[in-house]
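The working numbering numbers the first residue of the sequence shown as 908 and each following residue consecutively. Reading through the structure tokens given below for one structure.
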Amino acid sequence: RPLRPGCPPNVTQGCTQPGFLPDVLDDNNSPTISDDGNTLAFTSNRNLVTAVGNTDSNFELFLVRTTSGFAPGSNTYVQGTNTADVFVTPKTYYAVTQNPSLSANGSVVAFLSTGNLAGGNNDTGHTNGNEEIFVANFSGSALSNVRQATRTKDVPNLIVNVLSPGRRLSRDGALIALESLMDDPKANTAPTQTSRAIFVYNIAADTFDKVGQRAAGSGDFGFLKFPTFTDYNPSLAPSTLVFGSALNFKTDGTFPAADQASTGLNPTNQPQIFSTQIPVSSSSTFTRLTKNPVGGFGIIRPLTSKTRERIAFSLAGSELGGGNADGSSEIFFLLTPPATPDQAAVLAFYTGASNMGPFASANPNASPTPTPAPSPSPGDPAGLAPGELSIVRSTVGLANSDKAAVGGSETARSPILPVELNGVSVSVNGAAAGLYFVGDSPAEGIRFVVPIGVSGGVATVVINNRNLSGGTVYRGFVQIVASQPDIHTTTDDAGGTAEVCNVTNPMATLCVGPFRVMSPADTSGTLAPTKLEINMTGVRLASAAETKVSFVNGMTTTDIVPDSVRANTNMFGFDVITITLPASLAGAAPIDYKIIVTVTKTSGTFTSRPAATAPQVTIIP
């Protein structure tokens, strides 16, 4: 319940009764807006419509409709409720109105209130009662036809009905998704259950349908499941209900016996997102949409688009591949393409800077149990690293037209890169990969970035290719390693010149060689040891102490410990190694050096291209 400002009228020596707090800044809350952006509903404890009045500072329902924006003073507010606290012995009944939800055009509003707004919520013979769900019509200038959906008896210290914040009303204004302790939320009796079940209320028919089985005991984690509608048809009627839960539902909405937990959809009892069909029937089936690993906690809150293909949700304590090592509560984006048949195709993977590879992928149709790739031969890459720019190619085309991601900064995009181009998406162990390019021929392939939170070992790669006839799915396996250095070159392949910049003077960066071992450090021309930035990929998770840059000329090798190894925050998947050139690299004449980067971790040693195919940089006297 919202915090209550002020004191009861019979209290003159401060607020000593439980439940009363000083004035707070939580004046206006629970805002919701219609699809066209012209209708706003919210609750407020302020006296915004003096003709109706809210001098007792209760939270009341307010609505406003506009066609020119919600500029202060330019709109007419409508006060939809007018309730009052009731002070009786042995209980005080607080007036509470909260969590409005609007239909697509703003003509229907559902909300929660303790007020006796339709003549059926006077449990004690007074003006207030239990927290009930109401629905009404809004013309733009007045609220009308207020109906009470739930009809339950008040129980001290127990919240019977829940209409959680967010969209709980379908876009056509026909259905409400709610939670209740009741077996029948309109029976007008006290609840006998101890955990809440999800219900779908049909407004026109005045009927409730329970969704799935109710949890035993005290119920689900956090009890809020945030049920919401999606998969809308052109008439804005939904066909799917989406909700969050940590329960181990079976596909029929029931629970398996304790000794058969593995037969359920969520045997680890992690917060997951589920879906089921609307209208609710005995033949409805449950589908788990997420695959969150052990470790997640708290409430998962799904927010749907008009289809379940795109859902946003918040969750704490989970590493879902995008990089959440501290387990903070983060917002995630779930892409769920329609199920399509798998097609036989061999996938091959390459590093994205200089095309090292291929990493041959096992054929999933022939090998249901993937095994780690064998140790690479000298000069061959070990695998792909988290955060590495990569390429996947196939024996078939992967799209019917080319699409390339538009530029942008890593720190300015959310998600950093698009996870879908022209209907094509790539996932690595279920985590969405950012996409730079999708080609329409086997040779071009897909340029993607391995998600930074993917664990080492054999990873499953899934390509959803929805632009070919009927849509297809390709699966393969790739080895994920701690690091796989790869230097960007002028050839985008073997040999060529390494993409290196002289950054000794930050105000005069020079990215065209050859380079000297001493360079001007400022505009005065004062010389200092040259600092070079090497453009890389595959070293995002490496430290400078773990990294070595080797300059090779014939039988002579000079090893340099980098000044820094960091991610290029303007180009996700790109990394930068900064080094200081030693004087020993200078000669009497220009010298071409091959550059090799080596990263050594506890799990092994990983190198870029060997000298035979490595890119070069030229150092002049």
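Glycine residues also receive a C-beta, built at the ideal position from the N, C-alpha and C atoms.
Check each candidate in the options and name the one with the smallest Cα separation from residue i.
i, options, result
"residue 1163", "1140, 1435, 1360 and 1122", "1122"
"residue 1411", "1419, 1424, 1428 and 1194", "1428"
"residue 890", "1454, 1030, 1206 and 1523", "Nothing about residue 890 can be reported from this structure: the residues present for the chain run from 908 to 1528 only."
"residue 1233", "1213, 1177, 1203 and 1169", "1203"
"residue 1205", "1237, 1211 and 1184", "1237"
"residue 1263", "1241, 1246 and 1289", "1289"
"residue 1051", "1110, 987 and 971", "987"
"residue 1089", "1116, 1335, 1462 and 1298", "1116"
"residue 1336", "1527, 1482, 1358 and 1345", "1358"
Name the DSSP beta bridge partners of residue i, please?
i, result
"residue 1486", "1439"
"residue 1458", "1465 and 1502"
"residue 1139", "1145"
"residue 1181", "1150 and 1195"
"residue 1237", "1222"
"residue 1327", "For residue 1327, which the question treats as bridged, DSSP gives no partner whatsoever."
"residue 1523", "1404 and 1501"
Taking only three categories from DSSP, how would you classify residue i?
i, result
"residue 1260", "coil"
"residue 1166", "helix"
"residue 1451", "helix"
"residue 1065", "coil"
"residue 1491", "helix"
"residue 1332", "strand"
"residue 926", "Caution is warranted here: a pLDDT of 47 is assigned to residue 926, below 50, making its placement in the model unreliable, and no coordinate value can be reported."
"residue 1157", "coil"
"residue 1353", "strand"
"residue 1093", "coil"
"residue 1269", "Note on residue 1269: pLDDT 48, under 50, position unreliable in the model; no value is reported."
"residue 1337", "coil"
"residue 1496", "coil"
"residue 961", "coil"
"residue 1026", "coil"
"residue 1387", "strand"
"residue 989", "coil"
"residue 1209", "strand"
"residue 1249", "strand"
"residue 1432", "coil"
How many angstroms separate the CA atom of residue i from the CA atom of residue j?
i, j, result
"residue 1435", "residue 1492", "15 Å"
"residue 1069", "residue 1142", "28 Å"
"residue 1133", "residue 1150", "6 Å"
"residue 1014", "residue 973", "13 Å"
"residue 1487", "residue 1370", "42 Å"
"residue 1118", "residue 1395", "54 Å"
"residue 1165", "residue 1154", "12 Å"
"residue 1075", "residue 933", "23 Å"
"residue 1517", "residue 1523", "11 Å"
"residue 1389", "residue 1363", "7 Å"
"residue 1513", "residue 1449", "11 Å"
"residue 1196", "residue 1183", "10 Å"
"residue 947", "residue 963", "23 Å"
"residue 1273", "residue 1351", "Since pLDDT at residue 1273 reaches only 45, below the 50 mark, its modelled position is unreliable, and the value read off the structure follows with that caveat. Roughly 26 Å between the two C-alpha positions."
"residue 1235", "residue 1026", "46 Å"
"residue 942", "residue 1385", "43 Å"
"residue 1302", "residue 1347", "12 Å"
How far does the beta strand (DSSP E) with residue i in it extend, from its first residue to its last?
i, result
"residue 940", "935-940"
"residue 1116", "1114-1118"
"residue 1342", "1341-1345"
"residue 1425", "1425-1427"
"residue 1053", "1050-1055"
"residue 1007", "1004-1009"
"residue 1017", "1015-1022"
"residue 1083", "1082-1087"
"residue 967", "967-972"
"residue 1296", "1296-1301"
"residue 1366", "1364-1372"
"residue 1188", "Taken as a continuous stretch (DSSP letters only), residue 1188 belongs to no beta strand (DSSP E), as it is neither H nor E."
"residue 1472", "1471-1474"
If you measure from the beta carbon of residue i to each beta carbon in chain D, is any gap under 8 Å?
i, result
"residue 1146", "Included in the structure is just one protein chain, with no chain D present."
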